[in-house]
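Presented below is the structure to which this report refers.
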Amino acid sequence: MQLLKINLHGESWTLNKLECSADDLSACKQVAATMKVPLAKALIDPFFYYYLKIPRIPSVEYLPGKKWSGLLDSPKNQIEILLDGKKIQKLQIQDLNQGQLLFPLYAVHKTEITENYGPGIYVEQKAIGFIGNHEIKVEDFSIDDLQFHLLQFNNKLLLQRPAYQNKKVISRRKETLLIYQNSFEI
Numbered sequence: 037m038q039l040l041k042i043n044l045h046g047e048s049w050t051l052n053k054l055e056c057s058a059d060d061l062s063a064c065k066q067v068a069a070t071m072k073v074p075l076a077k078a079l080i081d082p083f084f085y086y087y088l089k090i091p092r093i094p095s096v097e098y099l100p101g102k103k104w105s106g107l108l109d110s111p112k113n114q115i116e117i118l119l120d121g122k123k124i125q126k127l128q129i130q131d132l133n134q135g136q137l138l139f140p141l142y143a144v145h146k147t148e149i150t151e152n153y154g155p156g157i158y159v160e161q162k163a164i165g166f167i168g169n170h171e172i173k174v175e176d177f178s179i180d181d182l183q184f185h186l187l188q189f190n191n192k193l194l195l196q197r198p199a200y201q202n203k204k205v206i207s208r209r210k211e212t213l214l215i216y217q218n219s220f221e222i
């Protein structure tokens, strides 16, 4: 068995839409009221989760609801493919966007979502750094069995978790620095 690792470096983008039970929403509103801020602004305050004391929601990263995220297509992104610790390939998202090639180099699945923001509370974040380490054990590695999933979300192109032979790879760790955070209510 060989260990296949796919490392993602660069800038990630995440959008969470809060969708929770009535009881959790009521608890969130009570904590926001004691903090004397609107719920949308309270969600990006780390002390909010300390006061909330709901074990399944320890931070903004675990907010229940819809979530869109991935490695953002920017000049800072980098994808490394390693097999048993040896670097096989180093590429960027623009290398995966193969619309003009006669023969595609990589298996790429692209999904387009045009989201009209409906009523709700949203939290948007950008982070930079080591976005993810994805691993899977393989018998015989072939670059043709590696699949990349791109998500076109409005005007943003995101690389989501890769797959190998239609099996999802396991995400091991990430080391990022949050550079932008915003919340809004519609």
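Take any residue in the sequence shown, count from 1 to its spot, add 36: that is its number in our numbering.
By construction, the Cβ of each residue, glycine as well, lies at the ideal position given by its N, Cα and C atoms.
When secondary structure is reduced to three states using DSSP, LYS65 falls in the helix class.
Taking each of LEU75, ASN52 and THR212 in turn and checking the Cα distance to ASN169, the smallest one comes out for THR212.
Between the C-alpha atoms of LEU54 and GLU160 there is a straight-line separation of about 11 Å.
Following the DSSP letters along the chain, one finds TYR86 inside the alpha helix (DSSP H) bounded by residues 82-88. If you draw a straight line from the Cα of PHE189 to the Cα of GLU47, it comes to about 16 Å. Under DSSP, VAL174 shares a beta bridge with GLN38. The Cβ atoms of LEU194 and GLY106 sit closer than 9 Å to each other. Per DSSP, the continuous beta strand (DSSP E) segment holding LYS103 begins and ends at 101-108. Short of 6 Å from the beta carbon of ALA199, and not among the five residues preceding or following it, lie these beta carbons of its own chain, in chain order: GLN183. Using a Cβ distance threshold of 9 Å, ALA63 and ALA78 do not count as a contacting pair.
Looking from the CA of ILE115, the closest CA among LEU187, ASP81 and HIS45 belongs to HIS45.
Distance between LEU99 and VAL205, taken at the CA atoms: about 23 Å. Between LYS103 and LEU51, the CB-CB gap stays under 9 Å. By alpha-carbon distance to TYR142, the top candidate from THR150, SER110, ASN133 and ILE149 is ASN133. Counting only residues of its own chain and dropping the five nearest sequence neighbours on each side, LEU214 has a CB closer than 7 Å to the CB of GLN161 and ALA163. Look at ILE115 here: in three-state DSSP terms it is strand. For LEU132, the enclosing alpha helix (DSSP H) starts and ends at 129-132.
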